[in-house]
Every structure is written in structure tokens, then in C-alpha cells.
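Peer 1: Structure in C-alpha cells, see below.
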Amino acid sequence: MFVTRIICDGYTCRIIFARNSIPKESRKPDLTLDDFNTDEVRQFFTPVAVDPGRTNAVTIFNEYSQVRQLGTNEYYNMSGTRASGKQLQERQIEEGVHIIESQIPTTKTCNINQYSEHVTYILQHLERLFTFYGVHTNRYKWLASCGRQKALDEAVNIVINGGKKYNKSKRKKTSRNRKRKRSRRRRGNQIEVENTQTFRR
1 MFVTRIICDG YTCRIIFARN SIPKESRKPD LTLDDFNTDE VRQFFTPVAV
51 DPGRTNAVTI FNEYSQVRQL GTNEYYNMSG TRASGKQLQE RQIEEGVHII
101 ESQIPTTKTC NINQYSEHVT YILQHLERLF TFYGVHTNRY KWLASCGRQK
151 ALDEAVNIVI NGGKKYNKSK RKKTSRNRKR KRSRRRRGNQ IEVENTQTFR
201 R
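Numbering (this note's numbering), first residue to last: 1 to 201.
Have a look at this one:
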């Protein structure tokens with residue numbers, strides 16, 4: 001149900017909906033591992049041990065003695081946060097905003113005079129900061145949000161089925177997959193030519 005509320009920041013648009021609560025008698029039961037016996041667990045589930053770390057964001061070990069890893073660098077490259085952060089940093093340097101931000105007085109103080117310095121400094125440069133962090137910077141936020149969601153989805157896929165990292169058939173930029181795409185296009189073009197010739201006859 002639409003609640004007559006639309007939020008727009010100049011780049012993205014959010015439309016708010018609401019739904020009625022599900023009656024208790026229609027809700028699905030909350031099952032735990034104790035509700036299944038050993039045979040059902042082996043049939044429907046794959047026990048997986050997940051170990052988070054610094055070098056590797058996730059290390060997975062399953063009952064088939066398969067070890068899968070998602071490195072921290074891989075995660076950041078998939079999410080694209082480094083690329084978008086680099087672009088934003090370059091803009092900050094070009095427009096001199098990095099100098100303003102590096103000289104902001106600290107707010108971690110109990111001294112009212114030092115805190116007043118912080119407030120005065122922010123008010124002096126408020127218009128410049130608002131101009132820089134305007135509507136056009138929402139693009140970076142949106143791309144970063146999409147990238148984080150994609151990286152998390154791929155991390156879950158690695159845990160469940162190996163994802164693109166451990167399944168070459170799911171990758172887009174492998175030579176075998178490129179050959180398959182070319183062959184499909186050729187077949188499609190041949191079918192189009194045959195249909196055209198048949199129609200002319």
C-alpha cells in the first residue's frame with residue numbers, strides 16, 4: 001500500500017510502501033537446527049565453517065573438504081569503494097576541499113572555547129562544503145551502496161555454491177564464455193537470415 005511518500009535526493013528516488021502484518025495463524029514456523037534429525041541435515045543442508053579475518057575477509061570450509069576464500073582486496077575491488085573513493089578524493093584535491101577538511105578543529109574536547117572554534121570554523125566554510133557535497137556527490141553514495149550489495153551477494157554465493165570465483169562457467173570475461181556468446185550470435189544471425197529468405201519467398 002502506497003503511503004503517499006516519495007523521498008528524492010536529486011539522484012535517487014525512494015517510494016515508501018507499507019504492508020499489513022501477517023496473522024499469526026498464517027505465519028511460517030520458526031525452525032532451528034534442533035528441529036531436524038541427522039539424515040535431514042545431510043539431505044537438505046551443507047554444514048559450513050566460516051572464519052572471518054583481515055587478510056581474507058571470509059574463509060569457508062565445508063564437509064566436502066573444500067576451502068574457499070574471499071580476500072579483503074577482492075571484496076573491496078568487487079564493491080568498487082576504492083575506485084569511487086579515489087574519484088571523490090581527486091575532486092576534493094582539485095577544488096581545495098581537502099585543505100578545509102584537514103584543518104577542521106576537533107570536537108573531542110571538554111573546553112568550550114575549543115569547541116566554539118570548531119563551530120566558528122564550520123560556519124565560515126559551510127557554504128563551500130555544502131556546494132561541494134551537493135546533489136552531484138549522491139552519485140558516489142549510490143554507486144558505493146550498489147557495490148557493497150553486489151560484493152555481499154557474491155560473498156554469499158561463494159559460501160553457498162562457490163560463486164563466480166570457483167565456477168568459471170558463471171564468469172562473463174573468460175575466453176570460453178566469449179566463444180559461446182559469439183557462437184550464439186552467429187546462430188541468431190543465421191536464423192534471422194533464414195527467416196528473412198523464407199518470408200521473401
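For each residue, glycine too, the CB sits at the ideal point set by N, CA and C.
In this text the structure is predicted, and so the values were computed from the model without any measurement.
(1) At the level of alpha carbons, what is the spacing between Asn-157 and Glu-94?
(2) Compute the Euclidean distance between the alpha carbons of Ile-122 and Asn-56, then round it to the nearest angstrom.
(3) Take Ser-79 and list the residues in its own chain whose beta-carbon comes closer than 6 Å to its own, dropping the five residues that flank it on each side.
(4) Taking the alpha-carbon of Asn-62 as reference, which of Leu-143, Thr-46, Tyr-76 has the nearest alpha-carbon?
(5) Give me, in chain order, the residues of the same chain whose beta-carbon lies closer than 7 Å to that of Cys-8; leave out the 5 immediate sequence neighbours on both sides.
(6) In its own chain, which residues sit with a C-beta less than 8 Å from the C-beta of Arg-128, not counting the 5 before and 5 after it?
(7) At which residues does the alpha helix (DSSP H) containing Ala-83 begin and terminate?
(8) Taking Cβ positions, are Arg-68 and Tyr-76 nearer each other than 8 Å?
(9) Could you tell me the boundaries of the beta strand (DSSP E) in which Val-48 lies?
(10) Where do the ends of the beta strand (DSSP E) carrying Ala-18 lie?
(11) Who pairs with Asn-56 in a beta bridge, going by DSSP?
Peer 2: Based on what the coordinates show:
(1) Answer to the nearest angstrom: the Cα atoms are 40 Å apart.
(2) One C-alpha to the other measures close to 39 Å.
(3) Correct list, in chain order: Gly-147, Arg-148, Ala-151.
(4) When only C-alpha atoms are compared, the closest one is Thr-46.
(5) Within the same chain, Cys-8 has no close Cβ partners at all.
(6) Excluding sequence neighbours, Arg-128 sits near Val-97, Ile-100.
(7) Ala-83 -> alpha helix (DSSP H) spans 81-95.
(8) No, Cβ-Cβ distance for Arg-68 and Tyr-76 is not below 8 Å.
(9) Segment 48-52, the beta strand (DSSP E) holding Val-48.
(10) No beta strand (DSSP E) contains Ala-18, which DSSP labels as neither H nor E.
(11) For Asn-56, DSSP records a beta bridge to Gly-71.
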